[in-house]
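A.B. asks: Once you've had a glance at the structure underneath, I'll fire off some questions.
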Amino acid sequence: MADEVEQESKKKGGLLKWIILILLLAVLGGGGFFAYKKFFAAAPKDAAETTQAEEKAADPNAAPLPGNGFSVTLPTFVVNLADPLGRRYLKLGIDVEVISEEAVAELNKKEPMVKDSLILLLSSKTFQDLSSMENKILLKKEIVDRLNQIMGGAKVLQVYFTDMVIQ
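Residues -18 to 148 (the numbering used here) are what the sequence shown spells out, left to right.
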């Protein structure tokens, strides 16, 4: 009789372990699925975003997207940074992407003004201004704005840093 009670308690203990194991696997599986959907699955495009992209693609007068323009390589800039001790300098190689071949010719024609403006801009920066990724992206935007101002319109699409040394 005592043997039968021990066998029943072992069966109940084994059954309880299986139930806990199955529940644990279900919870972990659900959590894994949620994490996958939240962090790794691609977000679906909204209908509005798709429609706007189609409208831009259909417009023949629209400016080309960055990556589809004409490239101009500017000479490498070497400037002292605006640090109090004056011991740091910046060496920067820049490629400029413009919208058309006419813009390439205009940029080449206005190269002295472009160089002057960029030297003044770059030499006004400190080491801290150029140390983070966000500030480098901001510098790219500032350069695009300056070049568009010189060229008179939105003719510069993007600026690419081909060489950057801060010492």
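Backbone N, C-alpha and C define an ideal beta-carbon position, used for all residues, glycine too.
Kindly indicate which three-state DSSP category residue 76 falls into: helix, strand or coil?
C.D. replies: Taking the sequence shown and counting its residues from 1, one reaches residue 76 at position 95. If DSSP states are grouped into helix, strand and coil, residue 76 belongs with the strands.
A.B. asks: Just the Cα atoms here: how many angstroms apart are residue 42 and residue 135?
C.D. replies: Mapped onto the sequence shown, residue 42 falls at position 61. Mapped onto the sequence shown, residue 135 falls at position 154. The pLDDT assigned to residue 42 is 48, lower than 50, so where the model puts this residue is not dependable; a value taken from the coordinates is nonetheless given after this. Roughly 14 Å between the two C-alpha positions.
A.B. asks: Going by DSSP, what residue range makes up the alpha helix (DSSP H) through residue 130?
C.D. replies: The residue given as residue 130 occupies position 149 in the sequence shown. Where residue 130 is concerned, the enclosing alpha helix (DSSP H) stretches over 114 to 132.
A.B. asks: When the Cα atoms are used, what is the spatial distance from residue 73 to residue 142?
C.D. replies: Taking the sequence shown and counting its residues from 1, one reaches residue 73 at position 92. Taking the sequence shown and counting its residues from 1, one reaches residue 142 at position 161. Cα-Cα distance, rounded: 7 Å.
A.B. asks: Let's see if you can read the secondary structure: which residues bound the alpha helix (DSSP H) around residue 97?
C.D. replies: Numbered from its first residue, the sequence shown carries residue 97 at position 116. Per DSSP, residue 97 belongs to the alpha helix (DSSP H) from 92 to 104.
A.B. asks: Between residue 85 and residue 125, is the Cβ-Cβ spacing less than 9 Å?
C.D. replies: As a first step, residue 85 is located in the sequence shown; it is residue number 104 there, counting from the start. As a first step, residue 125 is located in the sequence shown; it is residue number 144 there, counting from the start. Going by C-beta atoms, residue 85 is not nearer than 9 Å to residue 125.
A.B. asks: For a quick check, are the C-beta atoms of residue 101 and residue 95 less than 9 Å apart?
C.D. replies: Here residue 101 refers to the residue found at position 120 when the sequence shown is read from its first residue. Here residue 95 refers to the residue found at position 114 when the sequence shown is read from its first residue. No, the Cβ-Cβ distance between residue 101 and residue 95 is not below 9 Å.
A.B. asks: Taking the alpha carbon of residue 98 as the reference point, which residue from 67, 60, 138, 3 has its own alpha carbon closest?
C.D. replies: Translated into the one-based positions of the sequence shown, residue 98 becomes position 117. It is 60 whose Cα lies nearest to the Cα of residue 98.
A.B. asks: Rounding to the nearest angstrom, what Cα-Cα distance links residue 11 and residue 83 in this structure?
C.D. replies: The residue labelled residue 11 in the question sits at position 30 within the sequence shown. The residue labelled residue 83 in the question sits at position 102 within the sequence shown. Cα to Cα, the separation comes out at about 58 Å.
A.B. asks: Please determine, among 113, 118, 107, the residue with the shortest C-alpha to C-alpha distance to residue 64.
C.D. replies: For this step, residue 64 is matched to residue 83 along the sequence shown. Comparing Cα positions, the closest option is 107.
A.B. asks: Going by DSSP, which residues form a beta bridge with residue 139?
C.D. replies: Counting from one through the sequence shown, the residue named residue 139 turns up at place 158. Paired residue(s): 78.
A.B. asks: Based on DSSP bridge pairs, tell me the residues matched to residue 54.
C.D. replies: By 1-based counting over the sequence shown, the position of residue 54 is 73. For residue 54, which the question treats as bridged, DSSP gives the partners 76.
A.B. asks: Reducing DSSP to helix, strand and coil, say where residue 49 ends up.
C.D. replies: Along the sequence shown, read from residue 1 onward, the residue named residue 49 stands at position 68. It is coil, neither helix nor strand.
A.B. asks: In whole angstroms, give me the CA-to-CA distance for residue 8 and residue 16.
C.D. replies: Translated into positions along the sequence shown, residue 8 becomes position 27. Translated into positions along the sequence shown, residue 16 becomes position 35. The alpha-carbon atoms of residue 8 and residue 16 are separated by roughly 12 Å.
A.B. asks: According to the Cβ coordinates, are residue 121 and residue 139 closer than 9 Å?
C.D. replies: In the sequence shown, residue 121 corresponds to position 140, counting from 1. In the sequence shown, residue 139 corresponds to position 158, counting from 1. Closer than 9 Å, so yes.
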